[in-house]
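Visitor: Got a structure for you, written out below as structure tokens; questions coming shortly.
There are 2 protein chains.
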Amino acid sequence: MTTPNLRETQTDLAERYEAFQAMKLKLDMTRGKPANEQLDLAKGLLECVTSDDFKALDGTDTRNYGGLEGLPEARALFAAYFGVKPAEVLIGGNSSLQLMFDTLLRAHVFGVPGGERPWGREEKVRWLCPAPGYDRHFAITAHLGYELVTVPMTGHGPDMDVVERLALDPSVKGIWIVPKYANPTGESVSAENVARLAHMKAGAPDFRIIWDDAYAVHHLGPERDEVPNILDACQSAGHPNRVFIFGSTSKISHAGAGLSAMAANEANITWTKLHAGKQTIGPDKVNQLRHVRYFKDMHGIERHMDKHATIMKPKFDAVLRVLEEELGGTHLATWTTPRGGYFVSLDTPPGHAKNVVRLAAEAGVKLTEAGATFPYGKDPDDRNIRLAPSFPTLLEIELATRVVATCVKLSWAQRA
Amino acid sequence: MTTPNLRETQTDLAERYEAFQAMKLKLDMTRGKPANEQLDLAKGLLECVTSDDFKALDGTDTRNYGGLEGLPEARALFAAYFGVKPAEVLIGGNSSLQLMFDTLLRAHVFGVPGGERPWGREEKVRWLCPAPGYDRHFAITAHLGYELVTVPMTGHGPDMDVVERLALDPSVKGIWIVPKYANPTGESVSAENVARLAHMKAGAPDFRIIWDDAYAVHHLGPERDEVPNILDACQSAGHPNRVFIFGSTSKISHAGAGLSAMAANEANITWTKLHAGKQTIGPDKVNQLRHVRYFKDMHGIERHMDKHATIMKPKFDAVLRVLEEELGGTHLATWTTPRGGYFVSLDTPPGHAKNVVRLAAEAGVKLTEAGATFPYGKDPDDRNIRLAPSFPTLLEIELATRVVATCVKLSWAQRA
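Structure representation (structure tokens):
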């Protein structure tokens, strides 16, 4: 980083900060939560299955028991979404996080295909965590007692030199990956890195990639990231069991009442059904039918996501414009300019993130806790801040971002 | 059992059996699956939350993320259902089986309050299985590698002399109980046995009752079983952590798209939330709102169940009438006359159940596999057959029951 330079004096900044405080703001940029108008986009979803019209294409009464795998038409929709075959898809309930948690718990208690024993019976399990990343991912593997190993991000996915080296350790059982528009950096895994993930040698015979394709169609504009199909890549690399893919419509239809789904090769799907079949008779098929009728096909989903983009793009633009106005040329901070997803990732000078988050909170702007994007909630450099602009209004976002930027400058000025 | 006597000759029975075979029947009495007309009773459930009207009482947008515990009004409804406080209730997804499976998996991996270690770290875990019982219960504990210990049923719950003796063994970690109108015997746990379950000394400090109140309001007529509140009983017996209670609307609203819920004391609820909070952001609140709006309160649920009874009662009556016509006075079989629930439990002479199920199948009547109601799918006496009359039509039930009864007699005659 070049030596930072501030245009304002510390006194100027303190005055601006006090002025913000006097406004008694109550703004929140903590969570990747869709705005109400985004939820409104799926108008009609709740009406497209009724008391008189509830049958699936094959005549299945969606209201009754059954259907561990999901309705055929729901599997077909997610097959197109993931770029896999319908037989490689299982439909879940309203939460893909739950599908991931359950997959890891099954691996922990029962072991996965190709493994020598359940992961919970290993002396030690280590897990690769590209960071900055998603706190709820890290929390799951920490909860299972696995040692979280931080891997740096590169702007096109995790640093594969580091991943390839660490994966040779047989106690390393897997890695979290958000392949597209990652939380929070917005970056996507490059084609080269997909190939390296598929091909690399793993010390553990049962190494798994948890591929959370949470933002597969969540573009902000016409310039889009594309990520090669990881299931194909693993299969042609001779590691067909290596990946579990997850996704949901949580940020497409309704965040708390969407559809989740997973995809994997036959061995992993058979294994999942074996265990899921003890856990449940099957997920909610009425909600599957709602989604299939509402979106129809991938084209329907894509057109729907264009509408999300018209709401999301101005919000991201507002964040980026204010960051540029306040911090551009100061060499005080860097930030991402994502082409999709839900976040802007802001890096302050090392040692300032916690202080900035505290200052912002004391001026009425709630941010994701500093450190949350790293394993164990600890950012070793104390510099990363995740900004989530989806839920607030445009005016709130502008104001909140200005407060945050002012806090970055004030924090620097106070310590300079 | 008194010496059986048949009115028909073996030749008569063989002829009747062949006549049934000639009918090329395709009848199914295997599963406790609601009939379509029962699902139709909840007409309006699918319409009571719409794209313009989706807010909970406190203003929560049910479409968005959040709400690990469930909507306050959904917790209040299930609090009345279970006879506990709203704070003692958590709402789940569409499957109470999943809530039970997840509870046991958490106990297995993380341990429960009051335990010394996770159950998966014990040398050996044994689990009490009152039988005949529910095959999916037994399957969960078998899947976890626990040794299933059969406990006889008495007509008013498990044989408590046996339970009290076995529970002293510290490797016995718990017991499955369906307190009311049990699957398949239809019996309910008596007040005395509730008290004994609550008071008994357990060798394991973390002994748990999995109390699956699946048929709490599923009466067939005005004569109803009532079971005392087990949470209260455990609390006043000085074993406040002993019980987890489960239930769902699967056999009230829609079997595959209902609401599940659990209840427990504060320590167990806090523990559940700790682990569930890593697994999901929260269950589907839109479906919670549908149910709360549709049923309103316990009175609404009870009135709704009266309508179910008008469909179910004639089906049970048909089974019982045909069994009496065919087998009454023969001393060849005994069967239950339940006041609620989903099943009639038929006991053939020892060593005949498998043969009867096979004969019935060869005459086009599918029954639950013989043995399914016992741990490991093995009925030590080979005599119990579960009849599930909810799904077929009245005529189908009459015919299917007649085939079954004929097969009982034929099986006996062939071997006498």
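One line per chain: the protein sequences are L and A, in this order.
Read in the numbering used here, the first sequence has 375 at position 375, and its numbers run on one by one without any break.
Read in the numbering used here, the second sequence has 496 at position 80, and its numbers run on one by one without any break.
From the three backbone atoms N, C-alpha and C, an ideal C-beta is built for every residue, glycine too.
Using CA coordinates, which residue listed in A:774, A:803, A:830 is at the minimum distance from residue 437 of chain A?
Guide: Taking only the C-alpha atoms, the option nearest residue 437 of chain A is A:774.
Visitor: Using 9 Å as the threshold, is the C-beta distance between residue 543 of chain A and residue 593 of chain A below it?
Guide: Contact: no.
Visitor: Using a Cβ-Cβ distance under 9 Å, would residue 42 of chain L count as near chain A?
Guide: Closer than 9 Å: yes.
Visitor: Compare the C-beta of residue 287 of chain L against all C-beta atoms of chain A and say whether one is closer than 9 Å.
Guide: So yes, residue 287 of chain L belongs to the interface.
Visitor: Since residue 148 of chain L is in the beta strand (DSSP E), which residue starts that stretch and which ends it?
Guide: Unbroken beta strand (DSSP E) run through residue 148 of chain L: 147-152.
Visitor: Excluding the five sequence neighbours on either side, which residues of its own chain have a C-beta within less than 7 Å of the C-beta of residue 530 of chain A, listed in chain order?
Guide: Cβ within range, chain order: 621, 622, 657.
Visitor: Go ahead and label residue 608 of chain A buried or exposed: buried means 16 or more other beta carbons lie within 10 angstroms of its beta carbon, across all protein chains shown.
Guide: Classification for residue 608 of chain A: exposed.
Visitor: So who's on the other strand from residue 662 of chain A, going by DSSP bridges?
Guide: DSSP lists A:628, A:678 as partners of residue 662 of chain A.
Visitor: Check whether the segment 139-159 of chain L and the segment 81-90 of chain L touch, using three or more Cβ-Cβ pairs below 8 Å as the test.
Guide: Taking 8 Å as the limit for Cβ pairs, the verdict is that the segment 81-90 of chain L does not touch the segment 139-159 of chain L.
Visitor: Run through the DSSP bridge pairs and tell me what residue 334 of chain L is partnered with.
Guide: Beta-bridge pairing links residue 334 of chain L to L:347.
Visitor: Would a check of beta-carbon distances place residue 65 of chain L closer than 9 Å to chain A?
Guide: Residue 65 of chain L counts as touching chain A.
Visitor: I'd like to know whether the C-beta of residue 513 of chain A is nearer than 9 Å to at least one C-beta of chain L.
Guide: Interface residue, yes.
Visitor: Going residue by residue through the segment 76-118 of chain L, where are the continuous beta strand (DSSP E) segments of at least 3 residues, counting only ones entirely within it?
Guide: If we require 3 residues or more, the beta strand (DSSP E) runs fully inside the segment 76-118 of chain L come out as 89-91.
Visitor: Give me the chain A residues within the contact set of residue 295 of chain L, using Cβ-Cβ distance strictly less than 9 Å, ordered along the chain.
Guide: Those do not exist, as residue 295 of chain L stays about 15 Å from chain A at its closest Cβ, beyond 9 Å.
Visitor: Between residue 209 of chain L and the rest of its own chain, which residues show a CB-CB distance below 8 Å, the 5 nearest in sequence each way excluded?
Guide: Counting only Cβ-Cβ distances below 8 Å, and skipping sequence neighbours, we find 174, 175, 177, 197, 230, 234, 242, 243, 244.
Visitor: Pull up the DSSP beta-bridge partners for residue 29 of chain L, would you.
Guide: Looking at the DSSP assignment, residue 29 of chain L forms a beta bridge with L:367.
Visitor: Where does residue 48 of chain L sit, in a helix, a strand or coil, going by DSSP?
Guide: Of the three classes helix, strand and coil, the one that applies to residue 48 of chain L here is coil, per DSSP.
Visitor: Using a threshold of 9 Å, state whether the C-beta atoms of residue 280 of chain L and residue 513 of chain A are closer than that.
Guide: Yes. Within cutoff.
Visitor: Are residue 386 of chain L and residue 346 of chain L closer than 9 Å when you measure CB to CB?
Guide: Their beta carbons are under 9 Å apart, which means residue 386 of chain L touches residue 346 of chain L by this criterion.
Visitor: In the DSSP output, what is residue 385 of chain L paired with across the bridge?
Guide: According to DSSP, which records beta bridges pairwise, residue 385 of chain L is partnered with L:346.
Visitor: Using a Cβ-Cβ cut-off of 7 Å (strictly less than) and excluding sequence neighbours within five positions of residue 184 of chain L, which residues of its own chain qualify?
Guide: Answer for residue 184 of chain L: 132, 343, 345, 373, 386, listed in chain order.
Visitor: When DSSP builds the beta bridges, which residues end up paired with residue 131 of chain L?
Guide: Its beta-bridge partners are L:152.
Visitor: Do residue 429 of chain A and residue 63 of chain L have their C-beta atoms closer together than 9 Å?
Guide: In this structure, residue 63 of chain L does not lie closer than 9 Å to residue 429 of chain A by Cβ.
Visitor: With residue 590 of chain A as the anchor, note down where its beta strand (DSSP E) starts and where it stops.
Guide: First-last of the beta strand (DSSP E) with residue 590 of chain A: 588-593.
Visitor: Can you find a C-beta in chain L that's less than 9 Å from the C-beta of residue 494 of chain A?
Guide: Not closer than 9 Å to any Cβ of chain L, the Cβ of residue 494 of chain A fails to qualify, so no.
Visitor: Can you tell me where the alpha helix (DSSP H) with residue 401 of chain L in it begins and where it stops?
Guide: It spans 394-415 - the alpha helix (DSSP H) in which residue 401 of chain L sits, taken as one unbroken run.
Visitor: Hey, residue 287 of chain L and residue 263 of chain L are a contact pair by Cβ (cut 8 Å); roughly how many whole angstroms apart?
Guide: Contact flag wrong, Cβ pair sits at about 19 Å.
Visitor: Mark residue 778 of chain A as exposed unless 16 or more other C-beta atoms lie within 10 angstroms of its C-beta, in which case mark it buried.
Guide: Under this definition residue 778 of chain A is an exposed residue.
Visitor: Are the CB atoms of residue 496 of chain A and residue 714 of chain A nearer to each other than 9 Å?
Guide: Yes, Cβ-Cβ distance for residue 496 of chain A and residue 714 of chain A is below 9 Å.
Visitor: Compile a chain-ordered list of the residues in the segment 684-702 of chain A whose CB is closer than 8 Å to at least one CB of chain L.
Guide: Cβ contacts with chain L come from 691, 694, 695, 696, 697, 698, 699, 700, 701, 702.
Visitor: How many angstroms separate the CA atom of residue 445 of chain A from the CA atom of residue 787 of chain A?
Guide: Near 15 Å, if we compare the C-alpha coordinates of residue 787 of chain A and residue 445 of chain A.
Visitor: Out of L:200, L:259, L:266, L:218, which one is the CA nearest neighbour of residue 238 of chain L?
Guide: Residue L:200 is the option with its Cα nearest to residue 238 of chain L.
Visitor: Helix, strand or coil for residue 670 of chain A per DSSP?
Guide: If DSSP states are grouped into helix, strand and coil, residue 670 of chain A belongs with coil.
Visitor: How should residue 520 of chain A be labelled, buried or exposed, when 16 other C-beta atoms within 10 angstroms of its C-beta is the threshold for buried?
Guide: Buried: at least 16 other Cβ atoms inside 10 Å.
Visitor: Evaluate contact between the segment 31-48 of chain L and the segment 460-476 of chain A, counting only Cβ atoms and requiring at least three cross-stretch pairs below 8 Å.
Guide: Counting Cβ pairs under 8 Å, three or more are found: they touch.
Visitor: Is there a Cβ from chain A that is less than 9 Å from the Cβ of residue 357 of chain L?
Guide: No, no contact with chain A.
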